[in-house]
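In the working numbering, the protein residues as written are 9 to 891. Even for Gly, the Cβ is constructed at its ideal location relative to N, Cα and C.
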Amino acid sequence: MEQQMKQMPKTFDFKEAEKRIYEWWEQNGWFKPEVAPEDADSFVISMPPPNVTGALHLGHALFVSLEDLMTRYERMRGKAALWVPGTDHAGIATQLQVEKLLHDEGTSREAVGYEEFIARTWAWKDQYGGRIENQLRRLGASCDWDRERFTLDDGLSGAVQTVFVTLYEQGLIYQGPRLVNWSPGLRTAISDLEVEREEEAGKLYYFNYPLEDGNSIPVSTTRPETILGDTAVAVHPEDDRYKHLIGKFALVPVINRRIPVIADEYVDREYGTGALKITPGHDFNDYEIGQRHNLSLINIMNRDATLNENAGQYAGMDRFEAREKLWTDMTALGITIKVQDIMHVVPRAERGGEIIEPLISTQWFLKIQPLADKAIAAVRDGRIKIVPERFEKVYFHWLENIEDWCISRQLWWGHRIPVWYGSDGEVYVGKNPPKERPNYTWTPDTDVLDTWFSSGLWPFSTLGWPEQTSDLKRYYPTDVLETGYDILFFWVARMIMMGLWFTDEVPFHTVYLHGLVRDKQGHKFSKVKGNVIDPLELVDQYGADPLRFTLITGSTPGNDVNLDTTRVERNWRFVNKIWQMTNFVTSNLEGDSTAGGLELGLPPHDTLDLPARWIVSRLTKLIDSLQRLFESYQYGEAGRQIDDFLWGEFADWYIEISKHALYQGDDDAKINTRRVLVSVLDQSLRLLHPFMPFVTEDLWSFIPHEGEALILAPYPEADANYLDDEAESDMLLLIDIVRGIRNVRDEYNVEPSRKITALVAPGSHKGLFKTHDYLFARLCNVAEISLLPAGSAAPPKAASVTMGDVTVYLPLTDFVDSQAECERLNREKDKLQEQIDRTEGMLSNEQFVSRARPDVVERERERLATLQASADQITARLANLCG
RNA sequence: GGGCGUGUAGCUCAGCUGGUUAGAGCGCACGGUUCACAUCCGUGAGGUCAGGGGUUCAAGUCCCUUCACGCCCACCA
9 MEQQMKQMPK TFDFKEAEKR IYEWWEQNGW FKPEVAPEDA DSFVISMPPP
59 NVTGALHLGH ALFVSLEDLM TRYERMRGKA ALWVPGTDHA GIATQLQVEK
109 LLHDEGTSRE AVGYEEFIAR TWAWKDQYGG RIENQLRRLG ASCDWDRERF
159 TLDDGLSGAV QTVFVTLYEQ GLIYQGPRLV NWSPGLRTAI SDLEVEREEE
209 AGKLYYFNYP LEDGNSIPVS TTRPETILGD TAVAVHPEDD RYKHLIGKFA
259 LVPVINRRIP VIADEYVDRE YGTGALKITP GHDFNDYEIG QRHNLSLINI
309 MNRDATLNEN AGQYAGMDRF EAREKLWTDM TALGITIKVQ DIMHVVPRAE
359 RGGEIIEPLI STQWFLKIQP LADKAIAAVR DGRIKIVPER FEKVYFHWLE
409 NIEDWCISRQ LWWGHRIPVW YGSDGEVYVG KNPPKERPNY TWTPDTDVLD
459 TWFSSGLWPF STLGWPEQTS DLKRYYPTDV LETGYDILFF WVARMIMMGL
509 WFTDEVPFHT VYLHGLVRDK QGHKFSKVKG NVIDPLELVD QYGADPLRFT
559 LITGSTPGND VNLDTTRVER NWRFVNKIWQ MTNFVTSNLE GDSTAGGLEL
609 GLPPHDTLDL PARWIVSRLT KLIDSLQRLF ESYQYGEAGR QIDDFLWGEF
659 ADWYIEISKH ALYQGDDDAK INTRRVLVSV LDQSLRLLHP FMPFVTEDLW
709 SFIPHEGEAL ILAPYPEADA NYLDDEAESD MLLLIDIVRG IRNVRDEYNV
759 EPSRKITALV APGSHKGLFK THDYLFARLC NVAEISLLPA GSAAPPKAAS
809 VTMGDVTVYL PLTDFVDSQA ECERLNREKD KLQEQIDRTE GMLSNEQFVS
859 RARPDVVERE RERLATLQAS ADQITARLAN LCG
């Protein structure tokens, strides 16, 4: 309060202010939970770690907006708020970037070798790792940077090893040759989740499978090259066409390997030829059939999807080349039938988009079902709540049908699997390398773990687990996990599984899922389409606050956001509007003896005038409503309500009205009005701060306030003493009449600058008009307003505005001709009559009166009375004016 | 083959547990240099809430169904 009143710039220079304010916050340590009292409840969010070498996109902007909102809100509510930031090493993505770099240098990962490649990748990380962090700062993220973590840092790597070793010892991690999804381009296995299945145009190849006895059986395939790995032909056991062939033998085309004809109910008699070639080494279904029938398993492919020696003369060819060649050769043999164009589902790698191949390979797997069971239970019994709730169903469905997780990757960038192989085939699993033995060599496993393996530990590994650190004790479990629904399985489900398994606690009690940010037309952003919107460009152009506010108010949980940049522009204007309001308020405190010593807080309720009682009642209801909205995660609606209040009520009405007291009022009125202005503005800035941190913080510094910074100021709480329904309804009546007068003026083309006079028949509101006639001068340029004595005749040749039992006459002799006025009144009357009919209909309905809630019925009664009063007045006026 | 979402003014979207005349912003039309703001102010036009059926005193809101668009999951060669 003792502060110097600073001179406000004319407009908000967000470029300058954002940088200055962010540094000020950060340097003062205000993002740290330690700013709260030691015994404060904690509120913790683990930030979804962006790819360390990534660049900010709108998805990041959305999560920052939401998570920063939650964090700031809880911080202002006195919680020890901690938002833990960090980055992810993102195995494949990062490795690919560095490989590309090497490629541009004319070398390769293999050429430089493992050590050098890892060194180069760390260098790359150091160079670009800071970029995304600074971009998060630009959005105003109030996370505790001192607690920032990286998935590959020592602590987290230790946690990963501990988890691996523990799961291994528990018998949940096993190694084995299995059919896996193989990415030939990346030359690594990937998990089921990383495979995308797209319906696309392809070909179905029909041919006669030659039998040993000279007959044949027609089959079809979409991948002819896999014929070379066939180990059976299957038919349905009850298929009359083929069942006599069961038990006979077929010969693999060209290479003439002898394979059995088997019976299996999996075969769909209706599809294709009704007979199926079986390739257990390259097809997941065939693999299962092979298991059932003890079929041998032949791998015909190398890691780069060229064919191997098992493919005979086709060895060395690429899979697609071999497909062509084999088909040509089979055609020459006269066994092909036809090639049909079809639409079918093709598995492609999520990253890179290449067609993945099912391939037998030795990998590490996590037996996930025991972990999944715990994760299902936690949501089932409500220890974890997913917002919006409908995703719980999706979550259950996935976990209830979960397959073992292939956790090993044949990459270099990532957590090495803590396994060593002895020269005699011994397998050692441990955090530390095995003891050296004479004449014995240990070879480390060269695979790394799936990136999501380490992300799955994020909520507790970032707090120091497995060490029982003070942070872990104080801040775990965390509270809300906020992220996009697209990684519900990849990340959220795995964190829940790992968290429950290793800490016996849910890692968070609420999962808030946001949607994807798309362009205005609802299209996904894509470089190819050229519709990418760079959030930083929007921040450069409008500032971080408008972007944040747009993302929050334009979205609802779990639904995609179609970003219309005109809304960002509009919210930039909202920022300016708040700036100007504050400028108005502060400039009216200056140059006055009371300014410096203005008492903070609202004056007592009984000393307030009607407009003040109205605005503080409205504010109180807003605060109350916001609390409800925050509790139910309706942040968008919360933001809109603050907007409506500030612009639509405080600025448009209260500030305009306050000018009367400020310019023409006595000292008491001036002081009271100033206190109301400052107080309502102060409260509003607090309410808005979590949504628009920068401009609110800057503005707060210009108004009289108590406390160091807005970021630490208490969030407003509703004070029921300032609720005043009577003031609200009186004020609403006055507002409606002002609007009515403006409307009439506009309809009759009365120049806005022209002062007019009015006569009021105030009905039951005589006092109200007597004391508030000044409003009309200021708000609708009615210079003089006089009360019409009861019973006196209405003026002729005047337009009228009626609200309930109040009628205001505007003697606009130069503008109004009676005929036009009569028409206007008739329109008005018709509209009223329509509403009266509807309301009367309701009230005369016995069922409504007896069954509807009493307050609803009562409201309709009051409404009818008001409508009727209006109608009566208009009817009288019509009779008087129009005969 | 399952599951889910969306469909509200020209455009982008709100509308919570059903309850006044369905809202906002942008855009549009008309009008405004009065001492916070033209990054502004005022007024207005514009919607059979995708279609149909049902429940209810009352439905944009609940149920069923149809259509359109989108998404997720799933082993049909």
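Range of the contiguous alpha helix (DSSP H) that encloses residue i
i           : result
residue 459 : 459-463
residue 204 : Counting along the chain, residue 204 falls outside any alpha helix (DSSP H), though it belongs to the beta strand (DSSP E) covering 203-218.
residue 522 : Counting along the chain, residue 522 falls outside any alpha helix (DSSP H), though it belongs to the beta strand (DSSP E) covering 518-522.
residue 124 : 122-146
residue 683 : 675-696
residue 815 : First-last for residue 815: 814-818, but that is the beta strand (DSSP E), not the alpha helix (DSSP H).
residue 451 : Premise fails: residue 451 lies in the beta strand (DSSP E), 450-452, not in any alpha helix (DSSP H).
residue 285 : Per DSSP, residue 285 belongs to no alpha helix (DSSP H); it is in the beta strand (DSSP E), 283-286.
Beta-carbon gap between residue i and residue j smaller than 9 Å
i           : j           : result
residue 717 : residue 91  : no
residue 253 : residue 228 : no
residue 415 : residue 476 : no
residue 233 : residue 331 : yes
residue 422 : residue 468 : no
residue 164 : residue 462 : yes
residue 387 : residue 425 : no
residue 552 : residue 617 : no
residue 262 : residue 341 : yes
residue 2   : residue 879 : Here the chain covers residues 9 to 891 and nothing more, so residue 2 does not appear.
residue 77  : residue 578 : no
residue 740 : residue 767 : no
residue 158 : residue 111 : no
residue 343 : residue 510 : no
Beta bridge counterpart(s) of residue i as assigned by DSSP
i           : result
residue 380 : Residue 380 is not bridged to any residue.
residue 198 : 189
residue 253 : Paired residue(s): none; residue 253 is not in a bridge.
residue 267 : 258
residue 90  : 52
Span separating the alpha-carbon of residue i from that of residue j
i           : j           : result
residue 141 : residue 39  : 15 Å
residue 137 : residue 82  : 29 Å
residue 95  : residue 60  : 5 Å
residue 754 : residue 776 : 25 Å
residue 277 : residue 113 : 56 Å
residue 440 : residue 37  : 38 Å
residue 492 : residue 75  : 12 Å
residue 747 : residue 595 : 28 Å
residue 323 : residue 315 : 5 Å
residue 9   : residue 721 : Unreliable positioning characterises residue 9 in this predicted model, as indicated by a pLDDT of 40, which lies under 50. A coordinate reading is not provided.
residue 872 : residue 660 : 29 Å
residue 80  : residue 150 : 7 Å
residue 349 : residue 209 : 7 Å
residue 719 : residue 576 : 23 Å
residue 646 : residue 656 : 15 Å
residue 884 : residue 853 : 29 Å
residue 359 : residue 191 : 10 Å
Nearest-angstrom Cβ-Cβ length linking residue i and residue j, presumed shorter than 8 Å
i           : j           : result
residue 7   : residue 730 : Absent from the structure is residue 7, since the part of the chain shown begins at 9 and ends at 891.
residue 710 : residue 16  : 5 Å
residue 417 : residue 127 : Rounded, the Cβ-Cβ distance is 20 Å, inconsistent with contact.
residue 502 : residue 472 : With a Cβ gap of about 20 Å, residue 502 and residue 472 do not count as contacting.
residue 571 : residue 532 : With 8 Å as the limit, residue 571 and residue 532 do not qualify as a contact, their Cβ atoms being about 12 Å apart.
residue 396 : residue 66  : Not a contact, Cβ separation roughly 21 Å.
residue 566 : residue 523 : 6 Å
residue 518 : residue 382 : Actually they are not in contact, since the Cβ atoms of residue 518 and residue 382 sit about 18 Å apart, beyond 8 Å.
residue 297 : residue 269 : About 13 Å; that fails the 8 Å criterion.
Residue i, enclosing beta strand (DSSP E) - first and last residue
i           : result
residue 727 : No beta strand (DSSP E) holds residue 727; DSSP gives it neither H nor E.
residue 349 : 344-357
residue 226 : 224-229
residue 365 : 365-374
residue 795 : 790-795
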